[in-house]
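45 is the number of the first residue of the sequence shown in our numbering; add one for each residue after it.
All residues carry an ideal CB built from backbone N, CA and C; glycine is no exception.
Keep in mind that this is a model prediction, so the values were computed, not measured.
Structure, as structure tokens:
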Amino acid sequence: MTAIVVFIPKGDAFHFVNTRHAFWADILFTIQTYFGDGLFVIGVFIAYCCTQQWNFARAILGTYIFSGLICCVLKNLFDADRPATVFHGDPTFHVVSWLRVAHFNSFPSGHTTSAFAMAATLAIISKNRAFGIILFVLAVLTGYSRVYLGQHFVEDVWFGSILGTGTACFYLLAMPYVLRSKRMSFSLRFLQVKI
């Protein structure tokens, strides 16, 4: 993926994915893109709360907040145009009629960041290799869906995958040490996760 981002021009990589479409794929990737949606992540958090799997619930909530804050800061810092703005009027630009197309704050992809943060978190906490592989395949498909649906460039998705995975790993490894600090506010202790 890094080679694609580095060596293939931004527009060419986007067009390679976005112009290869079919109606069945429009439906499939519309559904798949919600794996990285904030409401889906909150739904997973609630499901773990309802089954009293508190360690998973805290990990999901913590990494979602942490990765989401970083992603929002970067989106506003870079303020990059999305494909719909860059390719406005291009007849090869493919979008599905039932989704709203965003025009601004392209970099990095928030859906991809959330999908990879959730996948990495659950893979690390569960220690189940097969479950982790399935989650990462779903996260990769979510990233692909963002380009396929015309919402992001490949570089947005690439960086979102690194950001999501990196923040999840950092959160899960660093939080126990941060929370041991006597200066840390007691109010954040509910986010502590056991690995």
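So, at 8 Å on beta carbons, what are the nonlocal neighbours of residue i in its own chain, with the 5 sequence-adjacent residues on each side left out?
| i | result |
| --- | --- |
| Cys213 | Ala164, Ile168 |
| Trp142 | Thr74 |
| Ile48 | Ala57, Val198, Trp202 |
| His147 | Asp125, Arg126, Ala128, Thr129 |
| Val139 | Ala128, Val145, Leu193, Gly194 |
If we call anything under 9 Å between Cβ atoms a contact, is residue i one with residue j?
| i | j | result |
| --- | --- | --- |
| Leu207 | Ile114 | yes |
| Ile90 | Tyr108 | no |
| Leu193 | Leu179 | no |
| His59 | Arg126 | no |
| Thr129 | Ser205 | no |
| Asn62 | Val191 | yes |
| Ser189 | Thr77 | yes |
| Thr186 | Gly106 | no |
With a CB to CB cut of under 6 Å and the five nearest residues on each side skipped, what residues in its chain are close to residue i?
| i | result |
| --- | --- |
| Phe110 | Thr211, Tyr215 |
| Met162 | Val85 |
Can you say whether residue i is buried or exposed, counting buried as having 16 or more other CB atoms within 10 angstroms of its CB?
| i | result |
| --- | --- |
| Arg102 | buried |
| Ala183 | buried |
Quiz item: Three or more beta-carbon pairs under 8 Å between the stretch 147 to 162 and the stretch 121 to 134, yes or no?
Solution: Judged by Cβ distances under 8 Å, the stretch 147 to 162 makes contact with the stretch 121 to 134, as three or more pairs qualify.
Practice problem: Count the CB pairs spanning the stretch 88 to 96 and the stretch 190 to 206 that are closer than 8 Å, and state whether there are at least three. | Solution: Contact fails: fewer than three Cβ-Cβ distances are below 8 Å.
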